[in-house]
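In order, the protein sequence lines correspond to chains A and B. Per the numbering used here, the very first residue in the first sequence carries number 5; after that it's consecutive. Per the numbering used here, the very first residue in the second sequence carries number 5; after that it's consecutive. Built from N, CA and C at the ideal position, the CB exists for glycine as well. Some notes on the structure that comes next.
Protein chains: 2
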Amino acid sequence: MDTAPPSALPSAATPGKTEGLRDRKRRETMQRIADTGLRLFMENGFEATTLDAIAAAAGIARRTFFYYFKSKEDVLLAWQGSGFVEAIGPALRQEPTDQSPLAAARHCLLTLVARFETKVAIAADALLRSTETLRARKLAKMVDMERDLAQVMAERWPDRPPEDVRMAAMLAIGALRLAQEDWRRDHAAHPDTARPLADHLNATFALLDRQVPPVQGEERP
Amino acid sequence: MDTAPPSALPSAATPGKTEGLRDRKRRETMQRIADTGLRLFMENGFEATTLDAIAAAAGIARRTFFYYFKSKEDVLLAWQGSGFVEAIGPALRQEPTDQSPLAAARHCLLTLVARFETKVAIAADALLRSTETLRARKLAKMVDMERDLAQVMAERWPDRPPEDVRMAAMLAIGALRLAQEDWRRDHAAHPDTARPLADHLNATFALLDRQVPPVQGEERP
DNA sequence: TCCAATATCGCACTCAGTGCGAATTTACGC
DNA sequence: GCGTAAATTCGCACTGAGTGCGATATTGGA
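What follows is the structure, encoded as structure tokens:
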């Protein structure tokens with residue numbers, strides 16, 4: 005039914021090897037659980053959907069569910085932007101280093117955001133707001149993204165002091181979060197004429213620039 | 005045993021009235037639960053401490069616990085900086101408005117941080133890092149602070165565009181979060197010679213200024 | 001003093017998540 | 001092919017958090 009695949013299987017990935025039957029089945033099962041879970045969540049809500057319902061609908065035993073996911077929440081979390089979290093590191097590695105880390109982050113976030121603004125991601129995001137702990141865990145994921153971002157930045161801009169790149173990562177993810185809030189509000193107020201997330205992200209970064217204009221060889225894209 | 009009181013009772017506060025016996029007992033009971041909970045958490049860890057243990061040690065029935073707290077997590081969350089979250093709004097209202105919102109936030113955070121760097125707050129904070137959901141919910145609380153901050157800023161600097169003050173609030177709380185990370189790392193590495201949180205907060209704001217120098221009538225304190 | 005609101009409590013229940021271990025399936029070297 | 005080790009699936013029983021319901025006690029105020 006759905007397109008974008010969740011990630012992160014229990015055991016470590018085997019990079020070079022060709023994927024055997026075992027791995028394929030595992031991936032398929034995990035995907036099936038994730039699909040089923042999201043579908044049931046959308047139909048009945050997150051809390052009203054029991055683990056047993058997911059397991060039954062996915063054709064596995066209750067106990068097997070926990071072999072693939074640590075918790076019910078993790079099923080939904082796996083749809084967090086449908087791979088956005090995992091894509092951001094690699095995306096930043098593609099960026100040229102003749103721009104500032106913040107400008108690079110801005111550019112690659114704009115690209116990613118456009119790629120991941122799908123129906124499924126939007127539905128999952130709405131569900132992510134239905135519970136206190138889910139809202140909280142989404143924030144935790146953004147902090148994870150911030151850490152990854154800072155990590156990659158530190159690798160690619162080794163000349164810049166680490167505190168600077170960490171600050172840049174914080175600014176970038178903070179801007180992303182504010183932009184997402186605006187975007188959601190926009191959609192709630194004008195469901196038809198709402199602008200894409202990328203627009204809001206641009207506006208938020210522009211705001212950041214204004215409040216805090218670029219320095220030292222930073223350019224605006 | 006402890007000093008700082010958790011807050012937020014079930015029913016709304018009665019501002020002008022003198023506090024009757026009923027209210028006092030309620031506050032006492034809630035405080036006793038919070039104290040007992042924190043003590044047991046510190047002794048045995050968060051997950052190893054059951055609700056029944058807290059209820060028994062606090063001298064109440066298991067069912068009564070849920071009359072005061074929504075969940076076990078909330079007992080610990082109530083110690084979040086021991087009132088820091090609630091103090092930030094009022095503190096910002098005291099700040100003069102001839103400085104920029106960000107500068108004001110910086111100043112009042114510096115003050116608060118010094119006031120709330122207590123043994124209890126530190127212990128509670130360590131416990132808040134022992135579980136994924138607790139970590140996440142702490143972040144959620146910081147976002148709540150960000151919202152409150154933006155709210156008060158909007159009231160007190162009505163001339164500034166709301167997006168600007170929200171961005172300023174994001175920057176301030178983001179800086180607070182990074183500073184707290186540094187401070188914790190500092191304590192982990194040099195338990196004896198570690199610098200106070202206020203120092204790290206100063207450093208982080210300085211970094212923010214550098215990455216993003218102040219504009220438009222902003223001054224450094 | 002009586003009434004209504006608040007507070008305390010017990011009971012039974014649902015559901016998430018875990019520990020243990022058995023049964024099954026797959027990968028892989030021989 | 002064959003056998004072994006590892007990975008996967010599953011059932012069962014258990015703990016513990018949180019809820020719904022309703023009964024009882026306590027308190028504030030008319």
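At a cut-off of 8 Å, the C-beta of Asp203 of chain A has no neighbouring C-beta in chain B. If you look at Trp161 of chain B, you'll find it isn't in any alpha helix (DSSP H); DSSP assigns it neither H nor E.
Contact between Glu185 of chain B and Thr137 of chain B is ruled out by a C-beta separation of about 19 Å, above the 8 Å threshold. Taking C-beta separations shorter than 7 Å and ignoring five residues to either side along the sequence, the partners of Leu180 of chain B in its chain run Leu113 and Leu205, following chain order. Excluding the 5 residues flanking it on each side, Arg164 of chain A has same chain C-beta neighbours closer than 7 Å at Pro105, in chain order. Listed by position along chain B, the residues whose Cβ is nearer than 7 Å to that of Met174 of chain A are Gly178 and Leu182. In the three-state reduction of the DSSP assignment, Phe209 of chain B falls in the helix class, which pools H, G and I. In the DSSP annotation of this structure, the continuous segment of the alpha helix (DSSP H) that includes Thr115 of chain B starts and ends at Pro105 to Arg119.
When 7 Å is used as the limit between beta carbons, Glu167 of chain B is near these residues of chain A: Leu211, in chain order. Not a single C-beta of chain B is nearer than 8 Å to the C-beta of Met149 of chain A. Taking Ala128 of chain B as the centre and dropping the five residues before and after it, the same chain places the C-beta of Trp83 closer than 6 Å to its C-beta, in chain order. Between the beta-carbon of Leu131 of chain B and that of Arg139 of chain B there is about 11 Å, and that puts the pair past the 8 Å contact cut. At a cut-off of 8 Å between beta-carbon atoms, Leu143 of chain B makes contact with chain A. Around the beta carbon of Lys142 of chain A, 16 or more other beta carbons sit within 10 angstroms, so the residue counts as buried.
Per DSSP, Gly24 of chain A lies in no alpha helix (DSSP H) and is assigned neither H nor E. Going by DSSP, Thr68 of chain B is part of the alpha helix (DSSP H) stretching over Arg66 to Tyr72. Phe70 of chain A is classed as exposed because its beta carbon has fewer than 16 other beta carbons within 10 Å across all chains shown. The Cβ neighbour count for Gln98 of chain A, taken over all protein chains shown within 10 Å, is under 16; the residue is labelled exposed.
Residue-level contact check: Met157 of chain A does not touch chain B, since none of the beta carbons of chain B fall below 8 Å from its beta carbon. Against chain B, the beta carbon of Arg170 of chain A has neighbours under 8 Å at Leu182, listed in chain order. Nothing from the region 65-96 of chain A brings a Cβ to less than 8 Å from some Cβ of chain B. When rounded, the separation of the alpha-carbon atoms in Gly63 of chain A and Thr54 of chain A is 14 Å. DSSP assignment within the region 29-67 of chain A yields the following whole alpha helix (DSSP H) runs of 4 residues or more, N-terminal first: 55-62. Contact annotation: in the region 121-140 of chain A, residues whose CB is within less than 8 Å of a CB in chain B are Glu136, Thr137, Arg139 and Ala140. In the displayed model, Leu182 of chain B falls within a helix according to three-state DSSP. In the three-state scheme derived from DSSP, where H, G and I count as helix and E and B as strand, Pro165 of chain A is classed as coil.
At a cut-off of 8 Å between beta-carbon atoms, Gln98 of chain B makes no contact with chain A.
Judged by beta-carbon spacing, Ile92 of chain A lies within the 8 Å limit of Met149 of chain A, meaning their Cβ atoms are closer than that value. In the DSSP assignment, Gln98 of chain B falls within the alpha helix (DSSP H) that extends over Phe88 to Gln98. The three-state reading of DSSP puts Leu201 of chain B in helix, counting H, G and I together. A direct Cα-to-Cα measurement between Phe209 of chain B and Gln103 of chain A gives close to 23 Å. The DSSP-derived three-state label of His194 of chain B is coil. Non-local C-beta neighbours of Thr115 of chain B in its own chain, meaning closer than 7 Å and more than five positions away in sequence, comprise Ala95, ordered along the chain.
Taking 8 Å as the CB threshold, Gln35 of chain A stays off the interface with chain B. In the DSSP assignment, Asp78 of chain A falls within the alpha helix (DSSP H) that extends over Lys76 to Leu81. A distance below 8 Å between beta-carbons, with the five flanking residues on each side excluded, links Ala198 of chain A to the following residues of its chain, in chain order: Trp187, Asp190 and His191.
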